[in-house]
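A.B. asks:
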Amino acid sequence: MTIKVFLADDHKILRESLIILLQQENDLEVIGEAADGHQALDEILRLKPVRSLVWQRLPQQPAMFGLGPPSLSASYRPSFAISLCKFALNWTGTSGLVQGNVHQFLIQVFGVVITGVYAFVVTYLILKVINVFDSVRVPEKVEIVGLDTSIHGEVAYDL
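Heads up: the sequence shown is residues 1 to 159, going by UniProt numbering.
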């Protein structure tokens with residue numbers, strides 16, 4: 001038995017991606033799609049899908065979606081409407097990968113740069129403190145002869 005699915009989302013790329021994913025299932029058939037709430041309501045009433053995949057907040061959305069939209073006529077209610085919520089992590093819903101938020105991106109870039117500068121400065125200070133008590137570098141003669149010969153008295157690699 002094929003399950004008829006209706007998809008409503010205001011982002012065209014996401015909507016098309018979900019349609020491609022759903023079409024790969026043998027028992028699912030996408031029978032329609034909508035970009036806003038009014039269009040979704042009209043199409044759901046016209047197409048009568050078994051399942052409806054709808055974003056929690058669509059542009060021009062009447063208070064209709066959930067597990068049995070009250071504004072749908074009594075003669076037809078989809079048996080189940082899955083409400084996808086893009087506000088789970090961002091309550092304002094105005095930023096994110098799909099809609100973009102340059103301000104937040106710049107804050108993150110600033111944080112990465114500050115972290116890099118901090119790591120460099122702290123590492124430099126640690127090396128200077130170590131250099132006060134013991135030399136960080138070996139003498140030039142030891143560099144020329146090699147550390148294995150100077151420290152261990154043996155040649156590790158005979159080239």
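Using N, Cα and C, we set each Cβ at its ideal position, and we do this for glycine too.
Going straight from the alpha carbon of residue 44 to that of residue 24, what length do you get?
C.D. replies: 22 Å
A.B. asks: Assuming residue 31 and residue 4 are in contact, meaning their beta carbons sit under 8 Å apart, how far apart are those beta carbons, in whole angstroms?
C.D. replies: 5 Å
A.B. asks: If you compare alpha carbons, which of 8, 15, 17 and 20 is closest to residue 42?
C.D. replies: 8
A.B. asks: So, residue 33 versus residue 19, is the Cβ gap smaller than 8 Å?
C.D. replies: yes
A.B. asks: In three-state terms, what does DSSP make of residue 141?
C.D. replies: helix
A.B. asks: Taking residue 148 and residue 154 to be in contact with their CB atoms under 8 Å, please state how far apart those CB atoms are, rounded to whole angstroms.
C.D. replies: 6 Å
A.B. asks: Could you give the distance in angstroms between the alpha-carbon of residue 113 and the alpha-carbon of residue 102?
C.D. replies: 16 Å
A.B. asks: Output the distance between the C-alpha atoms of residue 72 and residue 49, rounded to the nearest integer angstrom.
C.D. replies: Residue confidence for residue 72 is low, a pLDDT of 49 falling below 50, so the modelled location carries little weight; the figure read from the coordinates is stated next. Cα to Cα, the separation comes out at about 12 Å.
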